[in-house]
Structure formats: structure tokens, C-alpha cells
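Participant: Supplied in C-alpha cells, the structure appears directly below.
There are 4 protein chains.
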Amino acid sequence: MVAKQLSIFLENKSGRLTEVTEVLAKEGVNLSALCIAENADFGILRGIVSEPDKAYKALKDNHFAVNVTDVVGISCPNIPGSLAKVLRCLSDEGVFIEYIYTAGLNPLTNATPASFSCSIIVFVLEHTFQKISLGKVYP
Amino acid sequence: MVAKQLSIFLENKSGRLTEVTEVLAKEGVNLSALCIAENADFGILRGIVSEPDKAYKALKDNHFAVNVTDVVGISCPNIPGSLAKVLRCLSDEGVFIEYIYTAGLNPLTNATPASFSCSIIVFVLEHTFQKISLGKVYP
Amino acid sequence: MVAKQLSIFLENKSGRLTEVTEVLAKEGVNLSALCIAENADFGILRGIVSEPDKAYKALKDNHFAVNVTDVVGISCPNIPGSLAKVLRCLSDEGVFIEYIYTAGLNPLTNATPASFSCSIIVFVLEHTFQKISLGKVYP
Amino acid sequence: MVAKQLSIFLENKSGRLTEVTEVLAKEGVNLSALCIAENADFGILRGIVSEPDKAYKALKDNHFAVNVTDVVGISCPNIPGSLAKVLRCLSDEGVFIEYIYTAGLNPLTNATPASFSCSIIVFVLEHTFQKISLGKVYP
Numbered sequence: 025m026v027a028k029q030l031s032i033f034l035e036n037k038s039g040r041l042t043e044v045t046e047v048l049a050k051e052g053v054n055l056s057a058l059c060i061a062e063n064a065d066f067g068i069l070r071g072i073v074s075e076p077d078k079a080y081k082a083l084k085d086n087h088f089a090v091n092v093t094d095v096v097g098i099s100c101p102n103i104p105g106s107l108a109k110v111l112r113c114l115s116d117e118g119v120f121i122e123y124i125y126t127a128g129l130n131p132l133t134n135a136t137p138a139s140f141s142c143s144i145i146v147f148v149l150e151h152t153f154q155k156i157s158l159g160k161v162y163p
Numbered sequence: 025m026v027a028k029q030l031s032i033f034l035e036n037k038s039g040r041l042t043e044v045t046e047v048l049a050k051e052g053v054n055l056s057a058l059c060i061a062e063n064a065d066f067g068i069l070r071g072i073v074s075e076p077d078k079a080y081k082a083l084k085d086n087h088f089a090v091n092v093t094d095v096v097g098i099s100c101p102n103i104p105g106s107l108a109k110v111l112r113c114l115s116d117e118g119v120f121i122e123y124i125y126t127a128g129l130n131p132l133t134n135a136t137p138a139s140f141s142c143s144i145i146v147f148v149l150e151h152t153f154q155k156i157s158l159g160k161v162y163p
Numbered sequence: 025m026v027a028k029q030l031s032i033f034l035e036n037k038s039g040r041l042t043e044v045t046e047v048l049a050k051e052g053v054n055l056s057a058l059c060i061a062e063n064a065d066f067g068i069l070r071g072i073v074s075e076p077d078k079a080y081k082a083l084k085d086n087h088f089a090v091n092v093t094d095v096v097g098i099s100c101p102n103i104p105g106s107l108a109k110v111l112r113c114l115s116d117e118g119v120f121i122e123y124i125y126t127a128g129l130n131p132l133t134n135a136t137p138a139s140f141s142c143s144i145i146v147f148v149l150e151h152t153f154q155k156i157s158l159g160k161v162y163p
Numbered sequence: 025m026v027a028k029q030l031s032i033f034l035e036n037k038s039g040r041l042t043e044v045t046e047v048l049a050k051e052g053v054n055l056s057a058l059c060i061a062e063n064a065d066f067g068i069l070r071g072i073v074s075e076p077d078k079a080y081k082a083l084k085d086n087h088f089a090v091n092v093t094d095v096v097g098i099s100c101p102n103i104p105g106s107l108a109k110v111l112r113c114l115s116d117e118g119v120f121i122e123y124i125y126t127a128g129l130n131p132l133t134n135a136t137p138a139s140f141s142c143s144i145i146v147f148v149l150e151h152t153f154q155k156i157s158l159g160k161v162y163p
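Protein chains in written order, with the numbering used here: chain A, 25 to 163; chain B, 25 to 163; chain C, 25 to 163; chain D, 25 to 163.
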């Protein structure tokens, strides 16, 4: 599953984060997965939203520095060892991961994962976007 | 909801991440929420696991640099505007957030959120651990 | 020594960094100390420049997301143990450091350090700007 | 100029940083360039030292998580526009930069830069170590 990730620069972490969510709320856009890559002064909010184009436009109109990146989402059973299996499979295929984070909802369907025992992991792969076939792991 | 977050230093992102998940898999420990704070060379895996003490010991025994931090998890309806409401409430109370990330499962009960329409957000609050009362927002 | 640090968001590390330096070059502004706090996708350039106000305006005019922070610069003899002495002194006074980096030139005088055997270290202190007296260390 | 960079994981920024510098001081090792890549909880100290092998061993013996990376140092005149010239040259040759920081001393000779008007910039290049020829820029 390929999704559009928005990355938004937060000049100061707390205040700007609240503003971002308020801009998205006003537009009726849902945040189904997010994490913050932060340092001492700043943060970068990475998020998967229900309507990336609408969100992008609204944030730009409100003078946020925002970017779009392609990411890969994988639905992964919520049992011990399932993520290890995905990662081993990827690394055996020479696919390297830049970062990952969990999603609360399936970012594409904007619904809870098909089965109770699944959660979605959002991956960003190194550099060029690489096709990955995980059919053998979770068909 | 208070949870123990493990932070694990990954000297190289991809390889070490796979190893961490394999150590946890071997112990039967589940990762219910995770994100990576990365830079060009390294990553820090932040994760909420089913059994923090067991996970900590297993990772230490396998020579990982690992730390424990108290974090706050909040169950948040998955509709546009709900996170904005939480964040506004926190910022009105003078609570500042260092970083946040979504969880696939309720990290405490290790089950899907009570209602289909909820996901869990993990917050790390600035510095000293501050008591927050969100009763007014999501009772 | 107190200085103004500029922090500039680089949506993509390499390309934007070159652009920032070209904007500053055109204005005749010198970068006397810099470092990049980066992650997989982005970077934040932190720099001490000869004319902070002029640099800030030029970068804003060129649509860069830029911020100003107060930092402390300390001239530190370039012999083994001198930085340890400064840091021990600061930590004994309860001053915590967010990040530090070395400077090629004295950021205030924009000249090489007074003595050959000195370099300048730029410190950012935790939170509120704290007065520090290092007279006992390097009078 | 190629140098060995040490990267040291700081579980908590202030305290561990002081300890690192004290370990190096005890060994008589000089830090000629450094910066911290930090997030809310942690830091990574990147440094160029006078004796990388000795420093590496001493830090390992003191149970620090430490790594070695090849970096490129370039002596760059301290006048407006000189860094822009280096970066433009690198980007024209398709060399991408992960991060850079200034050095107080020439990390190889452990002396002040040859001329008063020069400082050293430490570059980390993307991925595999790439040969760069800057002869045309600063012969």
C-alpha cells in the first residue's frame, strides 16, 4: 500500500503542532497516523491524512512549510514476531528502511484494520522508491 | 494512561532495527506502538511493548543501549478535529509536548482500542512528568 | 559571549543548503559557525553569521523558514581537557546543555580566535536563557 | 582531507557529554571539531579527535556506544561566499551532503588552519564514500 505522507515543519513544537491540527480540523481532514521527528528547538510532523491534497493546500495557505513524500504502509498482525518477520524479509531483499511508525487506522481506507489483530506500519524506504513484494510474508 | 517507553539506540538503522524486533519476538514481547527518531547515520527506536521489564532485560543482555521513559497515552476518537481538541486543552493548561506518535493497539491492554473509532496517541511531555487531567475532553 | 543563532529549515538537505549559502553570499554575510541537525528527509541549518538581522531578512525574502535563538559562545583553549573543564563547571552550576558545536571563527568579532590555541564553542542552554559565569574557569 | 569521525550515543545529553569529554581528557585526546545531533531525550556527539583509535578504545572501555565514520574536511576561506562556492561545486558534480559542521582546528594537523583567513568544514557525504576533487575551487 502506497500513501502520501505530509511533513510539516514546526518552528516550535507545542504551539505549532496545535495549529496544524486545528487547520486540518477546520478542513475536515483526519490524521490517521503521525509521529514527530524532533530536536531541541524544532519538530517535523510526519502524518498520513485522509485527503493529502486538501491538507497540503490548507497548510500552505496558512504559511506552513510542508512537503509530500511517498511512503509504504504494511498491515501487520499484532502478535509478537510479526514485525520481525516483515523486517527480515525486507532486509533479505536488500530494502533499507529510513524510519517507521505505527498507524492507528488504515491510512488508505481511513477505517480500523480489516482484522482486530492487525495494525498498520508506515515505512519510508531508502531513497528511490522501491517496489517490494511481501506476498510471501502476509498474503 | 501512563506507560513505559523503551528507547533503543540503533547504530545503523535497518540492520539493528531487525535485530531489535527479533530479540523481542524471541521473548514473546509485542510492540504495540513504535516510531523511529532518525538522523543520517543512526536511529532511536521508541516503542511501547507488552512487557517493558522483560524487553529491557533481553535488550540489555543483547548489548543494546536502551533507556526507559514515562509517557502518557491518550485514547482519541478517530474523527477530524479530535486531536486538535486534546492539544488545545493541553496547551491551555500549560502542558508542552516533546513528541507524539500513534499506536496501533492500546499499549496497556494490548488490545484494539475499545471502540472502532478510537486510536491511541502516545505523548511525551516536556521535562518533569506532569499530571494532566483530560476528563473534560474525553471522559 | 551571547550571539544570535539562525535556524533554517532545509526541505531537502543538499540542494537547499547550497541555496542558503548563495543567498548569504549575495548579501556579503559570512557564516562563522554552522552545523546541520538532520533526519532522513530534512535538515535544520544552525549558523552564526556576521550580520544576523540582514541574513534573517534576506532568507525570509527568499521564502526560507527561519528562526532566531540566543546562544552562548565560549572561547576554549585547544588542549585536551579544556572542554571537560567547561562542561563540569556548567553542570556543577545546574546549567544543562541542549546542543553544542565548534566555530571556525569568533562569531562576534568575525576574526580568528584571539590566540592560536583557542577555538570557540557555541552552546545552547536548556529552555530559558540562563546566565552563566565562567570567570573561574577561563578568566 | 579524510578524517575519522567518532559518533557517541548520549543517553542523556548534559551528563553524558561531560563524561565523554572527561574520558577523552584523561587519555590526553583533543577534540578539534564537534557537534551534537540531538532530540528531546538523547544526543549523538559527533567529533573529530586527535587520536581516533585511542579515543574509540577508551570510550568503549567506559561502556559508551560509539561508532566510526569516514568524513571529508575542507579548508575554506573565511569570507562571504566561499562555502557557497564549495557547495555549488559539489552539487554540480552530483555529490550530496548528509550534514556538515565547522571545526575549530584543522582536525588532521591539530593546529590552527594554515592561514588566519581559513576555517575547516567537516562534510559527511551521502552513502558510499565519494571521491571529490575541489582542485578547481581552492587549489
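We put the CB at the ideal spot given by N, CA and C, even for glycine.
Remember, predicted model here, so these are calculated numbers, not experimental data.
#1: Does the separation of the CB atoms of Gly71/B and Ala89/B fall below 8 Å?
#2: Find the nearest neighbour of Ile124/B within the set Glu75/B, Gly97/B, Ser31/B, judged by alpha-carbon distance.
#3: Specify the secondary structure class of Ala57/D as computed by DSSP and reduced to three states.
#4: Check each candidate in Asp65/D, Gly39/D, Leu111/D and name the one with the smallest Cα separation from Val119/C.
#5: Whole angstroms is fine: what's the gap from Ser106/A's alpha carbon to Leu34/B's?
#6: Any beta carbon of chain A sitting closer than 8 Å to that of Asn86/B?
#7: Under the DSSP definition of a beta bridge, which residues are partnered with Leu41/B?
#8: DSSP puts Leu69/B in a beta bridge; with which residues?
#9: Of all Cβ atoms in chain B, is any one closer than 8 Å to the Cβ of Ala64/C?
#10: Just to check my reading of the structure: Ala127/A and Val110/A have Cβ atoms closer than 8 Å, yes? What is that Cβ distance to the nearest angstrom?
#11: Could you check whether the Cβ of Thr126/A sits closer than 8 Å to any Cβ belonging to chain B?
#12: Distance, Cα to Cα, Lys50/A vs Lys84/A?
#13: In the DSSP assignment, the beta strand (DSSP E) including Ala164/A goes from what residue to what residue?
#14: Measuring alpha carbon to alpha carbon, tell me which of Asn36/C, Glu46/C, Asp77/C, Asn54/C ends up nearest Ala60/C.
#15: Indicate the three-state DSSP secondary structure (helix, strand or coil) for Ala89/C in the structure shown.
#16: Decide if Asp94/B is buried, meaning its Cβ has at least 16 other Cβ atoms within 10 Å, or exposed.
#17: Please tell me whether Leu41/C and Ile121/D are closer than 8 Å, where the distance is taken between their beta carbons.
#18: Just the Cα atoms here: how many angstroms apart are Glu117/D and Ser99/C?
#19: By the 7 Å beta-carbon criterion, what residues does the stretch 25-47 of chain B contribute toward chain D?
#20: Can you check DSSP and say which residues form a bridge with Ala27/A?
#21: In the stretch 72-83 of chain B, which residues sit with their C-beta less than 8 Å from some C-beta in chain A, listed in chain order?
#22: Select from Pro104/C, Ala82/C, Val73/C the residue whose C-alpha is nearest the C-alpha of Pro104/D.
#23: Straight-line CA distance for Thr45/C to Asn91/A?
#24: Report yes or no: is there a C-beta of chain A within less than 8 Å of the C-beta of Gly97/B?
#25: Leaving out five residues before and five after Glu43/C in sequence, what residues of the same chain have Cβ atoms less than 6 Å from its Cβ?
#26: Going along the chain, which residues of its own chain have a beta-carbon closer than 7 Å to the beta-carbon of Val26/B, five neighbours each way excluded?
#27: Looking at the C-beta of Val91/A, does it have a partner C-beta in chain B at a distance below 8 Å?
#28: At a CB-CB cut-off below 8 Å, which residues of chain A make contact with Ile68/B?
#29: Does Pro101/D get closer than 8 Å to chain C when you measure Cβ to Cβ?
#30: Who pairs with Leu149/C in a beta bridge, going by DSSP?
#31: Applying the criterion that 16 or more other CB atoms from any shown protein chain within 10 Å of the CB defines a buried residue, is Asn63/B buried or exposed?
#32: Looking at chain A, is there any beta carbon in it that lies within less than 8 Å of the beta carbon of Glu117/B?
#33: I want to see whether chain D comes within less than 8 Å of Glu122/B, judged by CB atoms only; does it?
#34: Going along chain D in order, which residues have a C-beta closer than 9 Å to the C-beta of Val148/B?
Facilitator: If we stick to the structure as given:
#1: No, these two residues do not count as a Cβ contact at 8 Å.
#2: Among Glu75/B, Gly97/B, Ser31/B, the Cα nearest to that of Ile124/B is on Gly97/B.
#3: Ala57/D falls in the strand class under three-state DSSP.
#4: Among Asp65/D, Gly39/D, Leu111/D, the Cα nearest to that of Val119/C belongs to Gly39/D.
#5: Approximately 20 Å between the Cα atoms of the pair.
#6: Not closer than 8 Å to any Cβ of chain A, the Cβ of Asn86/B fails to qualify, so no.
#7: Beta-bridge pairing links Leu41/B to no other residue.
#8: Partner(s): Ile32/B, Ile60/B.
#9: Closer than 8 Å to some Cβ of chain B, the Cβ of Ala64/C qualifies, so yes.
#10: With a Cβ gap of about 14 Å, Ala127/A and Val110/A do not count as contacting.
#11: Closer than 8 Å to some Cβ of chain B, the Cβ of Thr126/A qualifies, so yes.
#12: In this model, Lys50/A and Lys84/A are separated by some 14 Å (Cα to Cα).
#13: Shown here, chain A extends from 25 to 163; a query on residue 164/A therefore has no answer.
#14: Looking at the sequence itself, residue 60/C is Ile, so the reference to Ala does not match. Ile60/C has its Cα closest to that of Asn36/C, out of Asn36/C, Glu46/C, Asp77/C, Asn54/C.
#15: In this structure, Ala89/C counts as coil in the three-state DSSP scheme.
#16: Here Asp94/B is exposed, its C-beta having fewer than 16 other C-beta atoms within 10 Å.
#17: For Leu41/C and Ile121/D, yes; Cβs fall inside 8 Å.
#18: The alpha-carbon separation between Glu117/D and Ser99/C amounts to approximately 37 Å.
#19: Flagged, chain order: Ser31, Phe33, Glu35.
#20: Per DSSP, Val95/A.
#21: Listed in sequence order: Ser74.
#22: Closest option to Pro104/D, Cα to Cα, is Val73/C.
#23: Distance between the alpha carbons of Thr45/C and Asn91/A is about 22 Å.
#24: Output row for Gly97/B: interface = no.
#25: Cβ within range, chain order: n/a, list empty.
#26: Leaving aside the five residues that flank Val26/B on each side, the residues in its chain whose CB is nearer than 7 Å to its CB run, in chain order, Asp94, Val96.
#27: Residue identity differs from the one stated: residue 91/A is Asn in this sequence, not Val. No, because no Cβ of chain B sits closer than 8 Å to the Cβ of Asn91/A.
#28: Chain-order list of chain A residues neighbouring Ile68/B: empty, with the shortest C-beta distance near 10 Å, by a criterion of under 8 Å.
#29: So, not an interface residue.
#30: Leu149/C is bridged to Ile121/C.
#31: The residue is buried, with at least 16 neighbouring Cβ atoms inside 10 Å.
#32: Not closer than 8 Å to any Cβ of chain A, the Cβ of Glu117/B fails to qualify, so no.
#33: Answer yes: the Cβ-Cβ gap between Glu122/B and chain D drops below 8 Å somewhere.
#34: At a beta-carbon threshold of 9 Å, the residues of chain D lying near Val148/B are Ala64, Asp65, ordered along the chain.
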